[in-house]
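I have placed the structure first, in the form of structure tokens, so that the comments after it can refer back to it.
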Amino acid sequence: MRYYPWDLQLLNLKVGTDGTAKTGLINLLPEMKAGQLEPTVDFGVFHKTTSDYRVRSAKDAVCRTVVRDLTAETLGNMAGIYTRVYTVFFFESSEWLQNFCKFILLSLVLLNTTYFLPELEGGDVLGNVFVIVLTLVALLFVVPTTKQFTTTEAIIVFHAVYEVALLFLILTRTIDDQNTVLYINAAVSALTLVWAAVDYVRFRRLVARIRRQLEPIYGQVCAMGPIDRLI
Numbered sequence: 218m219r220y221y222p223w224d225l226q227l228l229n230l231k232v233g234t235d236g237t238a239k240t241g242l243i244n245l246l247p248e249m250k251a252g253q254l255e256p257t258v259d260f261g262v263f264h265k266t267t268s269d270y271r272v273r274s275a276k277d278a279v280c281r282t283v284v285r286d287l288t289a290e291t292l293g294n295m296a297g298i299y300t301r302v303y304t305v306f307f308f309e310s311s312e313w314l315q316n317f318c319k320f321i322l323l324s325l326v327l328l329n330t331t332y333f334l335p336e337l338e339g340g341d342v343l344g345n346v347f348v349i350v351l352t353l354v355a356l357l358f359v360v361p362t363t364k365q366f367t368t369t370e371a372i373i374v375f376h377a378v379y380e381v382a383l384l385f386l387i388l389t390r391t392i393d394d395q396n397t398v399l400y401i402n403a404a405v406s407a408l409t410l411v412w413a414a415v416d417y418v419r420f421r422r423l424v425a426r427i428r429r430q431l432e433p434i435y436g437q438v439c440a441m442g443p444i445d446r447l448i
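Using the working numbering, you'd call the opening residue of the sequence shown number 218 and step up by one each time.
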């Protein structure tokens, strides 16, 4: 959710042993379809159009064996080297364009209405800016709740702070013509679009990095450490 409106959710299913009753001697291996890297897993529920979480292609369901070294730090298990099977489902939101328009684009539209402020009286300027800022605050209340400050929330807060700063510049007559407001708004709008584009690229790189960590090193075996750090 860090890069909302671009959103990736993972369902990670782990099957493993703790070493008791000599289960550490068992090598767990995923069952794959003949000649393919697609696991023999029934995830038909994730193919339904009515499902909130959908697997859109075979690469969105990954099944791998990982080797876990618990010889030095047992973490509550018996000391040893054990295998696990990870089945990871990738769910990327298909509603990112809708959310982009609803939050970021709408915020930009409201920001650009400040073009008309220099032509208004002081009290009207104050009232209009407060209405715009309160609308942005209302948008923040309907953004999905997360533990991190998301791209959408950061942009909306930035717009609100900018509009309050613009209010003071207009009331003190530091800015008193529409062309100046137009140029500043254009610069802020361009900055917003670049900001969103940069975070989108970072989101795509994060997804690619997670997929790379799940690529097999040998056969169907991949490294445990990097996967645990990411997911």
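Think of the CB as a built atom: it goes at the ideal place given N, C-alpha and C, for glycine as much as any other residue.
Candidates the options: which alpha carbon is nearest residue i's?
{"i": "R390", "options": "V411, T409, E336 and L225", "result": "E336"}
{"i": "S311", "options": "V305, V283, V272 and L328", "result": "V272"}
{"i": "F375", "options": "L357, L388 and T362", "result": "L357"}
{"i": "N396", "options": "Q315, N329 and V262", "result": "N329"}
{"i": "R301", "options": "V283, I373, S324 and V359", "result": "V283"}
{"i": "V360", "options": "K276, D416 and I321", "result": "I321"}
{"i": "D341", "options": "L388, Q315 and Y303", "result": "L388"}
{"i": "R428", "options": "F308, E370 and T352", "result": "F308"}
{"i": "L480", "options": "F347, G339 and L314", "result": "An answer regarding residue 480 cannot be provided, because it is not within the stretch 218 to 448 covered by the chain."}
{"i": "V354", "options": "K364, I373, G344 and K276", "result": "I373"}
{"i": "K231", "options": "Y303, D416 and D277", "result": "Y303"}
{"i": "K319", "options": "R281, T363 and T352", "result": "T352"}
Just how far apart, CA to CA, sit residue i and residue j?
{"i": "F366", "j": "F317", "result": "16 Å"}
{"i": "Y400", "j": "V279", "result": "49 Å"}
{"i": "V350", "j": "S406", "result": "16 Å"}
{"i": "A403", "j": "V378", "result": "16 Å"}
{"i": "D269", "j": "V305", "result": "17 Å"}
{"i": "N229", "j": "S274", "result": "17 Å"}
{"i": "V411", "j": "K265", "result": "36 Å"}
{"i": "A413", "j": "T368", "result": "7 Å"}
{"i": "E370", "j": "G261", "result": "35 Å"}
{"i": "E432", "j": "Y299", "result": "19 Å"}
{"i": "L314", "j": "Q430", "result": "28 Å"}
{"i": "T409", "j": "V424", "result": "23 Å"}
{"i": "G344", "j": "M218", "result": "34 Å"}
{"i": "E338", "j": "D277", "result": "57 Å"}
{"i": "V398", "j": "L325", "result": "14 Å"}
{"i": "F263", "j": "D394", "result": "56 Å"}
{"i": "K364", "j": "Y220", "result": "12 Å"}
{"i": "R457", "j": "I392", "result": "Residue coverage of the chain in this structure runs from 218 to 448, which leaves residue 457 outside it and unanswerable."}
Residues bridged to residue i by DSSP?
{"i": "R450", "result": "Any answer about residue 450 is impossible in this case: the structure gives the chain only from 218 up to 448."}
{"i": "E309", "result": "L225"}
{"i": "L230", "result": "T304"}
For chain D, find out if any of its Cβ atoms is closer than 8 Å to the Cβ of residue i; answer yes or no.
{"i": "N396", "result": "Here chain D cannot be found, since the structure has a single protein chain."}
Next item on the list: Could you tell me whether the region 325-334 touches the region 383-403, where touching means 3 or more Cβ pairs closer than 8 Å?
Entry: yes
Check: Which ranges would you report for the alpha helix (DSSP H) in the region 330-375 if only whole runs of at least 4 residues count?
Finding: 339-359
Next item on the list: Determine contact between the region 409-423 and the region 221-231, defined as no fewer than three beta-carbon pairs at a distance below 8 Å.
Entry: yes
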